[in-house]
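Taking UniProt numbering, the leading residue of the sequence shown gets 1, the next gets one more, and so forth.
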Amino acid sequence: MAKLSLFERRRRRVRTALKSVSGGKPRLSVHRTGKHIYAQIIDDAAGKTLAAASTLGAKNSGANVDAAKQVGSDIAAAAKKAGVTTVVFDRGGFLFHGRVKALADAAREGGLEF
């Protein structure tokens, strides 16, 4: 097997740690690119996405901190609509800083617990 990138190693380490503490809770997965930021609430047991939000269709599309805050509040609202209140936060291989932290803080303010 080829060497894994630092990002891929971090992503696997985070996912492995989440599996041990999740206790069957849905996972709030975050992905960011240079242009957009995405969030999904995934039920791994059923293999289904319960809620999703991103900057793709937004007026203020972009990948800045303000857009991440908007996505965080959108995913919290979508989770409430789907009946989800408690999740585990999956930051993937991204550091918990900047846009990822802004999304998490906005989701917490919107009512999600993690």
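Ideal Cβ placement from N, Cα and C applies to all residues, glycine included.
Anticipated Cβ contact below 8 Å, residue i with residue j, distance rounded
i: residue 87; j: residue 15; result: That pair is no contact at about 14 Å.
i: residue 37; j: residue 99; result: 6 Å
i: residue 53; j: residue 78; result: 6 Å
i: residue 58; j: residue 32; result: Not really, about 14 Å apart at Cβ, beyond 8 Å.
i: residue 29; j: residue 66; result: The pair is not a contact, with the Cβ atoms about 21 Å apart (cut-off 8 Å).
i: residue 51; j: residue 75; result: 6 Å
Of the residues the options, the one placed nearest residue i, counting alpha carbons only
i: residue 6; options: 39, 95 and 58; result: 95
i: residue 92; options: 24, 110, 3 and 40; result: 40
i: residue 46; options: 64, 25, 35 and 31; result: 25
i: residue 83; options: 17, 44 and 112; result: 112
i: residue 68; options: 48, 49, 4 and 106; result: 106
i: residue 44; options: 18, 65, 55 and 109; result: 18
i: residue 72; options: 56, 81, 8 and 108; result: 108
i: residue 85; options: 70, 97 and 114; result: 114
i: residue 34; options: 4, 20 and 61; result: 61
Where residue i falls: helix, strand or coil (DSSP)
i: residue 29; result: strand
i: residue 43; result: strand
i: residue 101; result: helix
i: residue 58; result: coil
The beta strand (DSSP E) enclosing residue i, as first and last residue numbers
i: residue 89; result: 88–90
i: residue 2; result: Careful: residue 2 lies outside any beta strand (DSSP E) and carries neither H nor E.
Delimiting residues of the alpha helix (DSSP H) encompassing residue i
i: residue 80; result: 65–82
i: residue 20; result: 6–21
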